[in-house]
Amino acid sequence: KSAIGLIGHSEGGVIAPMVASKNRDIKFIVLMAGMGERGIETIMKQNRMALELLNIEPENSDQSLKAIRQMLESLSEWKGSEADRVALRDQLSHLCAKYP
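Residue numbers (the working numbering): 3 to 102.
See the structure below:
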């Protein structure tokens, strides 16, 4: 007998259950080396390291990280309203325009 399953490693350990919950064809999941902290904290560390590698000035880096955290917090609290979607889109557009 065959079955479809998902393997999620690291951040994939967060994504695999989300995907499996929306697809009845997926019969099992295997999670490996899942995250040990909130996803937002992991993403913030990744962005901080990326900005350091790009030698971004600390003042600009701090502004970027603040904007990224605000967007991530907004996303984590998003209930799906149109006003929220527009606000998040506008925040992202502003950030992308500021730091191309």
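C-beta atoms are modelled at their ideal positions from N, C-alpha and C, and glycine is treated no differently.
Classify Ile-6 as buried or exposed, calling it buried when 16 or more other Cβ atoms lie within 10 Å of its own Cβ. In the sequence shown, counting from the first residue as 1, residue 6 sits at position 4. With fewer than 16 other Cβ atoms within 10 Å, it is exposed.
DSSP three-state call for Ile-45: helix, strand or coil? Indexing the sequence shown from 1 puts residue 45 at position 43. If DSSP states are grouped into helix, strand and coil, Ile-45 belongs with the helices.
DSSP state of Lys-29, grouped into three classes? In the sequence shown, residue 29 corresponds to position 27, counting from 1. Of the three classes helix, strand and coil, the one that applies to Lys-29 here is strand, per DSSP.
Considering Gly-36, what are the terminal residues of the alpha helix (DSSP H) in which it resides? By 1-based counting over the sequence shown, the position of residue 36 is 34. Unbroken run through Gly-36: none, as it is neither H nor E.
Applying the 10 Å Cβ sphere with the 16-neighbour rule, what's the burial state of Leu-53? The count along the sequence shown starts at 1 and reaches residue 53 at position 51. Of the other Cβ atoms in all chains shown, 16 or more fall within 10 Å of the Cβ of Leu-53; this residue is therefore buried.
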